[in-house]
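Here the structure comes first, spelled out in structure tokens, and everything after it is commentary.
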Amino acid sequence: MKPCRSLVGEWQKHREAAETAQGNIARLEADLEGTRATLKGSETAAGEAEKLHADKERELDTIVAERTSVIEGRPVGDVRTEYQKRSEDAERAWTDAEPRRSEAEKVAAVKSSDVLSARKGVETVKSDQELAERMLSEKLEAGGIGREEAEAAIGKGEAWLQAEQARLDALREAVTAAKTTLAERKGAVERHMAAGPRMSARTRSRRPWPTLRSGGTRLGAGTSRQTAS
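The sequence shown begins at 1388 in my numbering and counts up one residue at a time.
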């Protein structure tokens, strides 16, 4: 009986060991499946990473190409230094141009004032011209001269105006001389009448009166009497 019990005990031990081994194998198989799934996920992630890496490489190439076209492929530090230098040069140029800008603004203000003064002068000249035209029209109307006649006379030229002025001056001088001569003759007659015997009306009527010419017109006795009176 003891040998049988011993064999049963060994069998049970081996059975427990076998069950334990089967459990371990099941766990290992489960772990293997999990590991396979993880490996597959890792492979997928590695593929995506490779794809992302390729995309980044292409993006980097694009950025390098754009940088080459923008800053001619120079280092960023050199570009930044040059930009700073240009900024300082622009600031100095602005500072130097500020006084000239102020001077230009002053000149512009003066020019603007001159323009306003010129406009006022033009308006004054226009007003004076209109006033002169009105006065000329009034003078022409007072003299009985039409505007067309005056414009026609002006259109004849300066020589014609000077000739007409000379003719009028000569006419005035002739009239003045005639008045002076008439006054002298009248004074002589009055003195003669006061100093000598009275002359008959017939003798006085036969006494010749001086004849004067003015502007081509003969002044006779009747005209002299009218002037004397």
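Positions of the beta carbon are idealized from the N, C-alpha and C atoms, including for glycine. None of the values given here were measured: they were computed from a predicted structure.
For this session: Taking P1486 as part of the alpha helix (DSSP H), name the residues at either end of that continuous run.
Result: For the purposes of this step, residue 1486 is identified with residue 99 of the sequence shown, where counting begins at 1. That run of the alpha helix (DSSP H) goes V1463 to A1529.
For this session: Give the straight-line distance between the Cα atoms of L1415 and Q1399, rounded to the nearest whole angstrom.
Result: Along the sequence shown, read from residue 1 onward, the residue named residue 1415 stands at position 28. Along the sequence shown, read from residue 1 onward, the residue named residue 1399 stands at position 12. Cα-Cα distance, rounded: 24 Å.
Exercise. According to the neighbour-count rule (16 or more other Cβ atoms, all chains shown, within 10 Å of its Cβ), is L1426 buried or exposed?
Worked result: Mapped onto the sequence shown, residue 1426 falls at position 39. Looking at its Cβ environment, which holds fewer than 16 other Cβ atoms inside 10 Å, L1426 is exposed.
Exercise. Within this structure, are the beta carbons of A1537 and L1527 separated by less than 8 Å?
Worked result: For this step, residue 1537 is matched to residue 150 along the sequence shown. For this step, residue 1527 is matched to residue 140 along the sequence shown. Against a cut-off of 8 Å, the Cβ pair of L1527 and A1537 comes out as a contact.
Problem set entry | Burial state of L1569, where buried means 16 or more other Cβ atoms lie within 10 Å | Indexing the sequence shown from 1 puts residue 1569 at position 182. Under this definition L1569 is a buried residue.
Problem set entry | Cα-Cα separation, A1405 to G1434 | Numbered from its first residue, the sequence shown carries residue 1405 at position 18. Numbered from its first residue, the sequence shown carries residue 1434 at position 47. Approximately 42 Å between the Cα atoms of the pair.
Problem set entry | Range of the contiguous alpha helix (DSSP H) that encloses I1532 | Residue mapping note: residue 1532 aligns to position 145 of the sequence shown, counting from 1. In the DSSP assignment, I1532 falls outside any alpha helix (DSSP H), carrying neither H nor E.
For this session: Could you spell out the range, first to last residue, of the alpha helix (DSSP H) harbouring G1544?
Result: Position 157 of the sequence shown, counting from 1, holds the residue named residue 1544. In this chain, G1544 is not harboured by any alpha helix (DSSP H), its DSSP state being neither H nor E.
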